[in-house]
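Asks:
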Amino acid sequence: MIRSAAGMTAIGLVLGAVLFVSVNSLSDRVFGGAHIDLTDQQLYSLSDGTKAILGKIDEPITLKLYYSKRLGEVSPGYAVFAERAEDLLQEYVARSNGKIVLEIVDPVAFSDVEDQATAAGLQGVPVDENGEQVYFGLVGSNSTDDQDVIPFLQSDREKFLEYDLTKLIQSLAFPKRKVIGLATALSLDGDMMAQMQGRPTHAQVIMDQLRQTFDVHTLTPNFDKVPDDVDVLMLVQPEKLQPRPNTPSTNGC
Amino acid sequence: MGTVGVIFRRELVSYFTMPLAYVFIVIFLVLAGSLTFYMGGFFERGQADLQVFFNYHAFLYLFLIPALSMRLWAEERKTGTIELFLTLPITTVQAVLGKYLAAWVFTGIALALTFPFWLTVNYLGHPDNGVILASYLGSFLMAGAFLAIGAAISAACKNQVIAFVLSATVCFLFTAAGSGIVLGPLQSWVPGAVVTGIANLSFLQHFAAIQRGVLDLRDIIYFASVITLFLFANTLIVELKKAD
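In order, the protein sequences belong to chains B and E.
For reference, each letter of the first sequence is one residue, going 4 to 256 in our numbering.
For reference, each letter of the second sequence is one residue, going 81 to 324 in our numbering.
Dropping the structure here:
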């Protein structure tokens, strides 16, 4: 059978294009997670803290990632982010000795899965005028039916993705929160005087951060015994502070 | 590979005997600089990184690389030197590779000459140099992909201007594949999986992934496969036109 040179070229081009598409879709499936992280702080590799927490999980944890494919179609930036979140979650699964089970579901509009998503507390984002909502959140649950939710994975928190995920897993793996006893002369919880007078005052950022993971009990000044329920005693007493009000100052003023 | 090396050297040296090389490099550097400082607000951001600088690379390549690639084969065909070139004792694959590699290394030189940005940002602060290295590699790969597309189209055209316009258009489609301008007209009648597949072919998406500072095997395979595909097409087209 004799074919024209142009025909052969066209066939070659088509075959090349088919090969190109198949190589890329195959590599998407096969090589997920094979990467070299060149960032200074290893932003895209699991940190030692995360690995330690994953190694200590006793009870199985189920993670359910609700990701509307529609969201990726509407804003491709989110498709990239979702892929990265999925890769990272797969990495968690791989390192958890089978304790973490990951399910990825697509809450199609007006489906049962969408009802589950809203019931779990996920936040839907409308994409069009018809009221169709898209979801991109994570629901984690452990064997004692505790549940923790990230209502929507914001792309601007991409840098903190690992932190957010590890925090969620930690709260499920160790539902009993550790108690911190805080002994300090600083007003970390905001100005006491202002509180008494009913004026608005804010706790320091570190207190907000601590309370997300621990129960913080502030110990009275002059305490003589650390309460039994305190797991960690935290002393905050920077050098070169003014003397405490109830101690007589040395220069007699 | 010896023959490829000979063609490569001959081509690369020929760039610097023409004003083309100097015009290309100067325009590339001036545009990269002014886009970074004026449109990107490099100083206003107050961040010690080169993110804005790399963000404009795709758009610079979009019209500069076709300008470089349009002459690769179209000029040879126009002036008739292609007949002499292809009667030399070389295979078409060697000719394609030699010409392509010379052009790619040439863009690499232009890219490397942006090193003052790297020095500046290191002088001003403490950037994450791993991220910058990854971005440079990504940018170089992306330039290679643009160039391969341009080379293949140049081989199909006798007229350099047509080669330029077509290359720029195809490069634009690949660049913007993930954005609404390409996906918008498709979304209503093409199944979602195909739309996602097309979005995955976007240069910008793969470049952005590398730009984070992560060399993912999938992104490298993507660029390598684009380059391979278009060089293969290039070889087929040269073979076909040789028979004309």
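From the three backbone atoms N, C-alpha and C, an ideal C-beta is built for every residue, glycine too.
A quick note: this is a predicted structure, and the numbers were derived from the prediction, not measured.
Per DSSP, tyrosine 70 of chain B forms a beta bridge with which residues?
Replies: As a first step, residue 70 of chain B is located in the first sequence; it is residue number 67 there, counting from the start. Per DSSP, B:Phe139.
Asks: Assign leucine 279 of chain B to one of two classes, buried (16 or more other C-beta atoms within 10 Å of its C-beta) or exposed (fewer than that).
Replies: Outside the shown range of chain B (4 to 256) lies residue 279 of chain B, about which nothing can therefore be said.
Asks: Output yes or no for whether 9 Å exceeds the beta carbon distance between aspartate 218 of chain B and lysine 181 of chain B.
Replies: Stepping through the first sequence from its first residue, residue 218 of chain B is reached at position 215. Stepping through the first sequence from its first residue, residue 181 of chain B is reached at position 178. In contact: aspartate 218 of chain B and lysine 181 of chain B (Cβ atoms closer than 9 Å).
Asks: Among B:Asp90, B:Val77, B:Arg160, B:Asn100, whose alpha-carbon lies nearest the alpha-carbon of isoleucine 261 of chain E?
Replies: For the purposes of this step, residue 261 of chain E is identified with residue 181 of the second sequence, where counting begins at 1. Ranking B:Asp90, B:Val77, B:Arg160, B:Asn100 by Cα distance to isoleucine 261 of chain E puts B:Val77 first.
Asks: Which residues in the same chain have their Cβ closer than 6 Å to the Cβ of alanine 176 of chain B, if we skip the five residues on either side of it in sequence?
Replies: For this step, residue 176 of chain B is matched to residue 173 along the first sequence. Correct list, in chain order: Ile60.
Asks: Which whole runs of the alpha helix (DSSP H) in the segment 93-135 of chain E are 4 residues long or more, in chain order?
Replies: The qualifying runs are 99-114, 122-125, 131-135.
Asks: Output, in chain order, the set of chain B residues within a Cβ distance shorter than 8 Å of isoleucine 317 of chain E.
Replies: Mapped onto the second sequence, residue 317 of chain E falls at position 237. Within 8 Å Cβ-Cβ: Thr12.
Asks: Under 9 Å between C-beta atoms, does aspartate 129 of chain E make it to chain B?
Replies: Stepping through the second sequence from its first residue, residue 129 of chain E is reached at position 49. It does not: the Cβ of aspartate 129 of chain E has no partner Cβ on chain B nearer than 9 Å.
Asks: So is cysteine 256 of chain B in contact with chain E if we call contact Cβ pairs under 9 Å?
Replies: Indexing the first sequence from 1 puts residue 256 of chain B at position 253. Unreliable placement is indicated for cysteine 256 of chain B, whose pLDDT of 42 sits below 50; no coordinate value is reported for it.
Asks: From which residue to which residue does the alpha helix (DSSP H) around histidine 286 of chain E run?
Replies: Along the second sequence, read from residue 1 onward, the residue named residue 286 of chain E stands at position 206. 283-291 is the extent of the alpha helix (DSSP H) around histidine 286 of chain E.
Asks: Verify the CB distance criterion: does tyrosine 136 of chain E have a CB-CB separation below 9 Å to chain B?
Replies: The residue you call residue 136 of chain E lines up with position 56 of the second sequence. By this cut-off, tyrosine 136 of chain E is not an interface position.
Asks: With a CB to CB cut of under 6 Å and the five nearest residues on each side skipped, what residues in its chain are close to threonine 116 of chain E?
Replies: Reading the second sequence from its first residue, position 36 is the one you call residue 116 of chain E. Taken in chain order, the residues that qualify are Phe122, Val132, Phe133.
Asks: Work out the CA separation of valine 84 of chain E and alanine 190 of chain E for me, nearest whole Å.
Replies: Sequence index remark: in the second sequence, residue 190 of chain E carries index 110 (1-based). Sequence index remark: in the second sequence, residue 84 of chain E carries index 4 (1-based). Looking at the two C-alpha atoms, the distance is approximately 22 Å.
Asks: When we look at the beta-carbon of glutamate 165 of chain B and count the other beta-carbons within 10 Å, is it buried (16 or more) or exposed?
Replies: For the purposes of this step, residue 165 of chain B is taken as residue 162 along the first sequence, with counting starting at 1. Buried, since its Cβ has 16 or more Cβ neighbours within 10 Å.
Asks: Here's the rule: buried if 16 or more other CB atoms are within 10 angstroms of the residue's CB, otherwise exposed. What is cysteine 256 of chain B?
Replies: Your numbering for residue 256 of chain B matches position 253 in the first sequence. With a pLDDT of 42 at cysteine 256 of chain B, under the threshold of 50, the predicted position of this residue should be treated as unreliable, though the coordinate-derived value follows. So cysteine 256 of chain B counts as exposed.
Asks: Are the Cβ atoms of glutamate 106 of chain B and threonine 65 of chain B separated by less than 9 Å?
Replies: Mapped onto the first sequence, residue 106 of chain B falls at position 103. Mapped onto the first sequence, residue 65 of chain B falls at position 62. The answer is yes: Cβ separation under 9 Å.
Asks: Contact between the segment 102-113 of chain E and the segment 200-212 of chain E is defined here as three or more beta-carbon pairs at a separation below 8 Å; is this criterion met?
Replies: Too few Cβ pairs lie closer than 8 Å, so no.
Asks: Please state if the CB of leucine 74 of chain B and the CB of tyrosine 81 of chain B are separated by a distance shorter than 9 Å.
Replies: Along the first sequence, read from residue 1 onward, the residue named residue 81 of chain B stands at position 78. Along the first sequence, read from residue 1 onward, the residue named residue 74 of chain B stands at position 71. In this structure, leucine 74 of chain B lies closer than 9 Å to tyrosine 81 of chain B by Cβ.
Asks: Any beta carbon from chain B within less than 9 Å of leucine 204 of chain E's own beta carbon?
Replies: Within the second sequence, numbered from 1, the residue matching residue 204 of chain E stands at position 124. So no, leucine 204 of chain E is outside the interface.
Asks: Please report the straight-line C-alpha distance between valine 306 of chain E and alanine 257 of chain E, rounded to a whole angstrom.
Replies: The residue labelled residue 306 of chain E in the question sits at position 226 within the second sequence. The residue labelled residue 257 of chain E in the question sits at position 177 within the second sequence. Taking the straight line from one Cα to the other gives about 14 Å.
Asks: Under a three-way DSSP split, which group does glutamate 132 of chain B fall into?
Replies: Against the first sequence, residue 132 of chain B aligns to sequence position 129. DSSP places glutamate 132 of chain B in coil when its eight states are reduced to three.
Asks: Within this structure, are the beta carbons of phenylalanine 84 of chain B and arginine 298 of chain E separated by less than 9 Å?
Replies: Within the first sequence, numbered from 1, the residue matching residue 84 of chain B stands at position 81. Within the second sequence, numbered from 1, the residue matching residue 298 of chain E stands at position 218. No, the pair does not count as a contact, with Cβ atoms beyond the cut-off.
Asks: Say yes only if the C-beta of isoleucine 105 of chain E is nearer than 8 Å to one or more non-hydrogen atoms of the ligand ATP, and no if none qualify.
Replies: No copy of the ligand ATP occurs in the structure displayed, which carries no ligand at all.
Asks: Strictly under 9 Å for the Cβ-Cβ distance: is arginine 73 of chain B near chain E by that measure?
Replies: Locating residue 73 of chain B in the first sequence gives position 70, where the first residue counts as 1. True, the Cβ-Cβ gap to chain E drops below 9 Å.
Asks: Taking the alpha-carbon positions, what's the serine 50 of chain B to serine 99 of chain B distance?
Replies: Against the first sequence, residue 50 of chain B aligns to sequence position 47. Against the first sequence, residue 99 of chain B aligns to sequence position 96. Rounded to whole angstroms, serine 50 of chain B to serine 99 of chain B spans 14 Å at the Cα level.
Asks: Would you identify the three-state DSSP class for serine 252 of chain B, choosing helix, strand or coil?
Replies: Residue numbering aside, residue 252 of chain B sits at position 249 when the first sequence is read from its first letter. The pLDDT assigned to serine 252 of chain B is 49, lower than 50, so where the model puts this residue is not dependable, and the model offers no usable value.
Asks: Below 8 Å on the Cβ atoms is my guess for threonine 187 of chain E versus leucine 152 of chain E; work out the distance and round it to an integer in Å.
Replies: Counting from one through the second sequence, the residue named residue 187 of chain E turns up at place 107. Counting from one through the second sequence, the residue named residue 152 of chain E turns up at place 72. Not really, about 12 Å apart at Cβ, beyond 8 Å.
Asks: On the premise that leucine 309 of chain E lies in contact with glycine 10 of chain B, defined as a C-beta separation below 8 Å, what is that separation, rounded to the nearest angstrom?
Replies: Against the first sequence, residue 10 of chain B aligns to sequence position 7. Against the second sequence, residue 309 of chain E aligns to sequence position 229. With a Cβ gap of about 20 Å, glycine 10 of chain B and leucine 309 of chain E do not count as contacting.
Asks: Assign asparagine 145 of chain B to one of three DSSP states: helix, strand, or coil.
Replies: Here the question's residue 145 of chain B lines up with position 142 in the first sequence. Reduced to three states, the DSSP call for asparagine 145 of chain B is strand.
Asks: Tell me where the beta strand (DSSP E) around glycine 277 of chain B begins and ends.
Replies: Because residue 277 of chain B is not part of the residues shown, which for chain B are 4 to 256, the question remains open.
Asks: DSSP has methionine 237 of chain B in a bridge; who is on the other side?
Replies: In the first sequence, counting from the first residue as 1, residue 237 of chain B sits at position 234. Looking at the DSSP assignment, methionine 237 of chain B forms a beta bridge with B:Leu185.
Asks: Report, in whole angstroms, the separation of the C-beta atoms of lysine 162 of chain B and leucine 46 of chain B, which I expect to be a contact under 8 Å.
Replies: As a first step, residue 162 of chain B is located in the first sequence; it is residue number 159 there, counting from the start. As a first step, residue 46 of chain B is located in the first sequence; it is residue number 43 there, counting from the start. Sure, about 7 Å apart at Cβ, within 8 Å.
Asks: Kindly indicate if chain B contains any beta-carbon less than 9 Å away from that of alanine 288 of chain E.
Replies: As a first step, residue 288 of chain E must be located in the second sequence, where it is residue number 208. Output row for alanine 288 of chain E: interface = yes.
Asks: Measure from the alpha carbon of lysine 179 of chain E to the alpha carbon of each residue in E:Ala243, E:Gln127, E:Glu91, E:Phe252, then state which is nearest.
Replies: Numbered from its first residue, the second sequence carries residue 179 of chain E at position 99. Ranking E:Ala243, E:Gln127, E:Glu91, E:Phe252 by Cα distance to lysine 179 of chain E puts E:Glu91 first.
Asks: Which residue marks the beginning of the alpha helix (DSSP H) containing threonine 194 of chain E, and which one marks its end?
Replies: In the second sequence, counting from the first residue as 1, residue 194 of chain E sits at position 114. Unbroken run through threonine 194 of chain E: none, as it is neither H nor E.
Asks: Using a Cβ-Cβ cutoff of less than 7 Å, which residues in the same chain neighbour serine 146 of chain B once the five nearest sequence positions on both sides are dropped?
Replies: Your numbering for residue 146 of chain B matches position 143 in the first sequence. The answer, listed in chain order, is Glu62, Pro63.
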